[in-house]
Every structure is written in C-alpha cells, then in structure tokens.
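J.:
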C-alpha cells in the first residue's frame, strides 16, 4: 500500500470517494482490510509529517470513473456497473493486499 | 473479476481499477503537487495555575496553523515542507517556523519493501503522536498526554536537522518498519527554563543526536506496536557574567507504545523512561543524573461516525527515586507536588464536516509536574489539585 510509483516510473495516483461514502467504507473494510477512519489517520500522519502524499478526492462515482480514466497511473474503485472501456479492472490475489 | 462481495446495504460489486492506456505512460510531474493545511483555535480555562496563557481567567492564547506543500518531480525523488505558526501563552514565544523541509530519495521501492533516505529537517517519530502533534485532527484530544508529550519543552523533541533512513517490509503477518534519525535537535530558550529555572545570558546548542523507532502494524494498523529510543545531546555556551559554565545536557528517552484500533473502540497505551544527565554547569548546578517515568492509558469510542468520546489516565514522575518530590522539597524548599502529575481526562470530538472539527475536554489533575515556570513564576502559589477545561475548533484542507 505504500508503493508510490508503478514499475515504469509513473507515479501512482490514488483516488478515493469521500469518507462518508458507503462505497468507500465497504472498499476499505473488505478490500484493504481496514476501517475508513484508520485509512484517514494513516494518510493524515503521512501528509502532515512530510513522509507521504494524500489521495485525490473524487466526490462522486461518476467523477471517480472519469478521473481514473483520464489520469495516467491512476488507481481507484467503482461499483461494477460503472466500469466502462476507459478503465481496466484488476484482480486482487488473496492475501496480496 | 474481483471482489464479489455483497452486503445487505450495498448490492453491487466494487472493482479496483487502474488507468488503462497504451499510448501514454508518462505522467506530468506537476500533477503530483499537493498542498494542505490546518488552523486551530483553542480556549483554556483552569481553576488554579496557568497553562497556555492566563487560563485562570480563561485564555484564547493557544492557536496553531500550518501549511505544507509536497511534490514528486521524479518517481524516486520527493520534496515536502511545512510552515508552522504557534501561539502558546507564556510556554514559548509566538513564532512561525519551518516545521519540516525534506528531500527524499526512495532507494528501493517494490510492493513489499520500501527503503530510502530523507535529508533536511525531519520530524522525530517519538512515540505515536510526536510527528503530527500540532495537527489537531491527528491528536486524540486537545492536549496530548503531557507526561510524554510535554508542551513545556516541546521544540527540541520536534525535529532533527540532518537526515532519516527508513525501511519498511510488508509481510503476510503485518508491516515492519524502522526509521533512524541522525541530526541536531532544534533548541530554543525553553530548555534554559527547564534546567536553570529561567532564561540565562548564554545559550544551548544541539550536538549530534540519534533517534530510532521500530514499528509493527498488524492488519493496516488494527494493532500497532512501537519502540522508540533516542539519545539527544546539547551543550551550553555561557554568556557574559553567566551563573553557569560550559555544561552538557544529555537526554535519553525510551518509549513503548501499543494501540488497538477497532471499528468503534480504540485503546492506546504508552510507557516511557527518561534518563537525563547534567554535567559541568558549575557550582550552582552540581552534576546530576535522574530517571523520569511516564505512562498513560487511553480509550476512545466512536459513538457515531462523527462523534467520538475519549477518556485517559496519564501519570508523570520527574524522578523515579523521589516520585512525590519529598526529598526535592526538603532540599530546595519548592513544593514536591511540582515533581509529578496525575491527570484524568474526558473529552468529546465532533467532526462537523470532513474539514471542520470541534472538541471539548475536562482534566482533573493532581500535581503540577508538567506546568511551566514561565507561566507560573511563583512555585509556592501552585495549587496541586486543579481542573482544566478546554474547547477547540479546527479546520483543515
């Protein structure tokens, strides 16, 4: 989770939905194995100590889809029904978070 | 396709996605520029004794603001800096300072292992909260547990001018990380107040000091265990007609930290031993060495997504061989209750919006061990049993 660039050197640009979004909460819990408030704490610690950067905020699902498809190196999450050809969904191997 | 989970409330699948394009894989580095900041105003009211201004009458003399920028011009190179403004009653002078300013080289970066070097003014990872202690949103309460995170002499524990080596490894049983700071502590006049009782003509300069923190995090922080050790050295250069001579002050804290972060409940405990040694300051301050002890246990409960309640018991002893200051009182005539403090705290935090937060908290304190002489010039007037009430409003972006 701390990796900041892809293998070709492109910066990883992480997009998240707002903390209050149920999709964000579910994603944190089920995919990252952490609670949304923990993720927020971790990022705050990095951002305000000079040891890391914050994720970019997408305010809606639609915005998430557009931003991820427009930004090189972007990574985000969407309900399956919102996935289109501009983005590619990836498989997460068990245990490799 | 991944992640076919279903909950009763959300009946769809969330997929992780990545940008997919064959013709462009080079990001503009300007895209990595970020800025963030915060602003907090506090109100402090005490029944007796002063803390953060003339708090017996109610003090607004506690405010903090910060602004930071960061950039990754190359995938292995990062830049970050933060300016900090602070007003803190008579605890220290109102000031704007460079909180940190670092140039980072990522030497090794894979999905499992990251290692590198940060050069410049780096924050000291001392215990769980020191690095972002001035950011209200990252604190568990308006005031950090004073037994470990003294606000009286904070500046010289804040950062090091030098560098930090870091390494972290994400294993199947959790993440291990090690950080080592080597550099000169940033010293100000408050150290003279602590050691000499008041400002003197000369000044302290930091010598090369070391700090290391080992941190283990299970399940992205569900459980966090840390051990911090530091060895800080300073030298006093006397001024003209100074009462004190060329002396050395050496400080060596060890901090054990443990934290559980559940969905609703968080429990945090830290225990610290602090070795201090003073030498060659002359006849007025004989060579001395002592060990202090500090610990606290804290519970926080998220009542709703926006409201959290916190309770804490925090204990401070300046000298483990004279915990309640009896011998100190006999020797100096100053009250023994200024050598320890036991602080019961309860508080509420309300996240009004993701950017605005308000807090209220109450402390019942026995002992005046972490109060500052600069705010309470007459030690005989200190009341060993006192109450503190505080309010906080904070904004961040």
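Residue numbers (the numbering used here), protein chains in the order written: chain A, 372 to 468; chain B, 183 to 579.
Using N, Cα and C, we set each Cβ at its ideal position, and we do this for glycine too.
Flag residue 426 (chain A) as yes if its beta-carbon sits less than 7 Å from any beta-carbon of chain B, otherwise no.
T.: Indexing the first chain from 1 puts residue 426 (chain A) at position 55. Answer no: the Cβ-Cβ gap between residue 426 (chain A) and chain B never drops below 7 Å.
J.: To which residues does DSSP link residue 250 (chain B) through a beta bridge?
T.: Residue mapping note: residue 250 (chain B) aligns to position 68 of the second chain, counting from 1. Looking at the DSSP assignment, residue 250 (chain B) forms a beta bridge with B:218 and B:264.
J.: Note down, in chain order, every chain A residue with its Cβ under 9 Å from the Cβ of residue 322 (chain B).
T.: Along the second chain, read from residue 1 onward, the residue named residue 322 (chain B) stands at position 140. By Cβ distance, chain A contributes nothing, its closest Cβ being about 10 Å from residue 322 (chain B), past 9 Å.
J.: Excluding sequence positions up to five away, which residues of its chain have a Cβ less than 6 Å from the Cβ of residue 447 (chain B)?
T.: In the second chain, residue 447 (chain B) corresponds to position 265, counting from 1. Taken in chain order, the residues that qualify are 483.
J.: Would you mind sorting residue 226 (chain B) into buried or exposed? The rule is 16 or more other CB atoms within 10 Å of its CB.
T.: For the purposes of this step, residue 226 (chain B) is taken as residue 44 along the second chain, with counting starting at 1. That one is buried.
J.: Taking the straight line between their C-alpha atoms, what separation do you get for residue 290 (chain B) and residue 340 (chain B)?
T.: By 1-based counting over the second chain, the position of residue 290 (chain B) is 108. By 1-based counting over the second chain, the position of residue 340 (chain B) is 158. Cα to Cα, residue 290 (chain B) sits roughly 27 Å from residue 340 (chain B).
J.: Grab me the residues of residue 554 (chain B)'s own chain with a C-beta within less than 6 Å of its C-beta, minus the 5 sequence neighbours each way, in chain order.
T.: Taking the second chain and counting its residues from 1, the one referred to as residue 554 (chain B) is at position 372. Cβ neighbours of residue 554 (chain B) beyond the five flanking positions: 273 and 334.
J.: At a CB-CB cut-off below 7 Å, which residues of chain B make contact with residue 390 (chain A)?
T.: As a first step, residue 390 (chain A) is located in the first chain; it is residue number 19 there, counting from the start. Per Cβ cutoff of 7 Å: 536.
J.: Beta strand (DSSP E) containing residue 521 (chain B): first to last residue?
T.: In the second chain, the residue the question calls residue 521 (chain B) occupies position 339. Looking at the DSSP string, residue 521 (chain B) is not in any beta strand (DSSP E), and its letter there is neither H nor E.
J.: I'd like to know if residue 305 (chain B) contacts chain A, where contact means its C-beta is closer than 7 Å to some C-beta of that chain.
T.: By one-based count along the second chain, residue 305 (chain B) stands at place 123. True, the Cβ-Cβ gap to chain A drops below 7 Å.
J.: My understanding is that residue 250 (chain B) touches residue 263 (chain B), with C-beta atoms under 8 Å, so please give their C-beta distance in whole angstroms.
T.: As a working mapping, residue 250 (chain B) is identified with position 68 in the second chain. As a working mapping, residue 263 (chain B) is identified with position 81 in the second chain. Contact holds; Cβ gap of about 6 Å.
J.: From the DSSP output, in three-state form, read off residue 387 (chain B) for me.
T.: Taking the first residue of the second chain as position 1, residue 387 (chain B) is located at position 205. Of the three classes helix, strand and coil, the one that applies to residue 387 (chain B) here is strand, per DSSP.
J.: Can you list, in chain order, the residues of its chain with a C-beta nearer than 7 Å to that of residue 500 (chain B)? Leave out the 5 residues immediately preceding and following it.
T.: Looking up residue 500 (chain B) in the second chain gives position 318. Result list for residue 500 (chain B): 474, 521, 522 and 551, in chain order.
J.: Any idea what DSSP makes of residue 375 (chain B), helix, strand or coil?
T.: The residue given as residue 375 (chain B) occupies position 193 in the second chain. Looking at residue 375 (chain B) - three-state DSSP - the assignment turns out to be helix.
J.: Using a beta-carbon distance below 7 Å, is residue 415 (chain A) in contact with chain B?
T.: Taking the first chain and counting its residues from 1, one reaches residue 415 (chain A) at position 44. Yes, its Cβ sits closer than 7 Å to a Cβ of chain B.
J.: Starting from the beta carbon of residue 385 (chain A), find every residue of chain B whose beta carbon is closer than 7 Å, and list them in chain order.
T.: Taking the first residue of the first chain as 1, we reach residue 385 (chain A) at position 14. The contacting residues do not exist; residue 385 (chain A) stays about 11 Å from chain B at best.
J.: Here's the rule I'm using: 16 or more other beta-carbon atoms within 10 Å means buried, otherwise exposed. How should residue 466 (chain B) be labelled?
T.: Taking the second chain and counting its residues from 1, one reaches residue 466 (chain B) at position 284. The residue in question, residue 466 (chain B), is exposed, as its Cβ has fewer than 16 Cβ neighbours within 10 Å.
J.: For residue 231 (chain B) and residue 476 (chain B), what's the separation of their Cα atoms in angstroms?
T.: Looking up residue 231 (chain B) in the second chain gives position 49. Looking up residue 476 (chain B) in the second chain gives position 294. Approximately 22 Å between the Cα atoms of the pair.
J.: Interface residues of chain B around residue 373 (chain A) at Cβ under 7 Å?
T.: In the first chain, the residue the question calls residue 373 (chain A) occupies position 2. Ordered by position in chain B, the residues that pass the 7 Å Cβ test against residue 373 (chain A) are 296 and 350.
J.: Return the chain-ordered list of same chain residues with a C-beta closer than 6 Å to the C-beta of residue 206 (chain B), the five sequence neighbours on each side being excluded.
T.: Taking the second chain and counting its residues from 1, one reaches residue 206 (chain B) at position 24. Legend: pLDDT at residue 206 (chain B) = 42, less than 50; position of this residue unreliable, value from coordinates given subsequently. Cβ neighbours of residue 206 (chain B) beyond the five flanking positions: none.
J.: Using the Cα positions of residue 561 (chain B) and residue 445 (chain B), report the straight-line distance between them to the nearest angstrom.
T.: The count along the second chain starts at 1 and reaches residue 561 (chain B) at position 379. The count along the second chain starts at 1 and reaches residue 445 (chain B) at position 263. Each residue's Cα considered, the two are about 45 Å apart.
J.: Do residue 437 (chain B) and residue 356 (chain B) come within 7 Å of each other at the CB atom, strictly closer than that value?
T.: Counting from 1 along the second chain, the entry for residue 356 (chain B) is found at position 174. Counting from 1 along the second chain, the entry for residue 437 (chain B) is found at position 255. Result no, Cβ atoms of residue 356 (chain B) and residue 437 (chain B) do not sit closer than 7 Å.
J.: Under a Cβ-count criterion, where at least 16 other Cβ atoms within 10 Å of its own Cβ denotes burial, should residue 393 (chain B) be classed as buried or exposed?
T.: Along the second chain, one-based indexing puts residue 393 (chain B) at 211. It is buried - the Cβ of residue 393 (chain B) has at least 16 other Cβ atoms within 10 Å.
J.: Spell out the partners DSSP gives residue 473 (chain B) in its beta bridges.
T.: What you label residue 473 (chain B) is simply residue 291 of the second chain in a count that begins at 1. For residue 473 (chain B), which the question treats as bridged, DSSP gives the partners B:457.
J.: As a quick exercise: from B:354, B:378, B:452 and B:443, pick the residue whose alpha carbon is nearest that of residue 144 (chain B).
T.: What is shown of chain B runs 183 to 579, which leaves residue 144 (chain B) out entirely.
J.: If you count every other CB in all the chains shown that lies within 10 Å of the CB of residue 186 (chain B), and 16 or more means buried, which is it?
T.: Within the second chain, numbered from 1, the residue matching residue 186 (chain B) stands at position 4. With a pLDDT of only 38 at residue 186 (chain B), under the threshold of 50, the placement of this residue in the model should not be trusted, and no figure is reported.
J.: If we cut at 7 Å on Cβ distances, does residue 314 (chain B) have a partner in chain A?
T.: Walking along the second chain from the start, residue 314 (chain B) turns up at place 132. It does; some Cβ of chain A falls within 7 Å.
J.: Using a beta-carbon distance cut-off of less than 7 Å, what residues from the segment 441-458 of chain B approach chain A?
T.: Residues 443 and 445.
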